[in-house]
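Notes follow the structure.
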């Protein structure tokens, strides 16, 4: 049984991409590693409002992390390789891989990324919305 789409109403035209994005987000949200925060950084006189995504990537070096923008998705990947020369008596910290994706709204700009003390911070700029009002002319057709 399929569930009805909330975007199937006739007054919601052109929202099929949003529905697809919501499906992708719901599938990607099941994995909880690595944990992350998203915070809003208020606008200042010199900078617009920004968002900062902070991921806890303890144990990963800068070379083991990759941040890329693929269409409208910000994708963070981490890859650790087991060091076969080390002999562990107890192994509680596994070498692991991860991929975490964030769906960005149109116009979002990635400003940069910084790794410090096991936290990877990625700054995003939120675009200023333009208020556009346009008058539509009505053409009259005589019968």
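Residue numbers (this note's numbering): 550 to 692. We treat Cβ as the ideally placed atom computed from N, Cα and C, and that holds for glycine. Owing to the predicted nature of the structure, the values given are computational and were not obtained by experimental measurement.
Cα separation between residue 609 and residue 684?
The residue labelled residue 609 in the question sits at position 60 within the chain shown. The residue labelled residue 684 in the question sits at position 135 within the chain shown. Those two C-alpha atoms are separated by around 55 Å.
Can you tell me which residues form a DSSP beta bridge with residue 637?
What you label residue 637 is simply residue 88 of the chain shown in a count that begins at 1. Bridge partners of residue 637: none, in fact.
Are residue 616 and residue 662 touching if we call contact CB-CB under 7 Å?
Indexing the chain shown from 1 puts residue 616 at position 67. Indexing the chain shown from 1 puts residue 662 at position 113. Yes, the Cβ-Cβ distance between residue 616 and residue 662 is below 7 Å.
Assuming residue 655 and residue 621 make a contact with CB atoms under 8 Å, what is their CB distance in whole Å?
One-based indexing of the chain shown puts residue 655 at position 106. One-based indexing of the chain shown puts residue 621 at position 72. Indeed, because the Cβ distance is near 7 Å, the residues count as touching under 8 Å.
Jot down the residue ranges of each uninterrupted beta strand (DSSP E) in the segment 601 to 682, minimum 3 residues, whole runs only, in chain order.
Runs of the beta strand (DSSP E) inside the segment 601 to 682: 614 to 619, 622 to 628, 646 to 652, 658 to 665 and 668 to 674.
Less than 6 Å between C-beta atoms, sequence neighbours within five positions excluded: which residues of the same chain meet that for residue 670?
As a first step, residue 670 is located in the chain shown; it is residue number 121 there, counting from the start. Cβ within range, chain order: 601, 603 and 663.
Tell me the residue span of the beta strand (DSSP E) that contains residue 585.
As a first step, residue 585 is located in the chain shown; it is residue number 36 there, counting from the start. Note, residue 585: beta strand (DSSP E), 585 to 590.
Using C-beta distances below 8 Å, list every residue in its chain close to residue 666, excluding the 5 sequence neighbours before and after it, in chain order.
As a first step, residue 666 must be located in the chain shown, where it is residue number 117. Cβ within range, chain order: n/a, list empty.
Does the beta carbon of residue 613 come closer than 7 Å to any beta carbon on chain D?
The question asks about chain D, but that chain is absent: this structure has only one protein chain.
Identify which residue in 691, 590, 623 and 612 has its Cα closest to the Cα of residue 653.
Position 104 of the chain shown, counted from the start, is the residue given in the question as residue 653. Considering only alpha carbons, the answer is 623.
Secondary structure at residue 595, three-state DSSP: helix, strand or coil?
Reading the chain shown from its first residue, position 46 is the one you call residue 595. Residue 595: coil per DSSP, three-state reduction.
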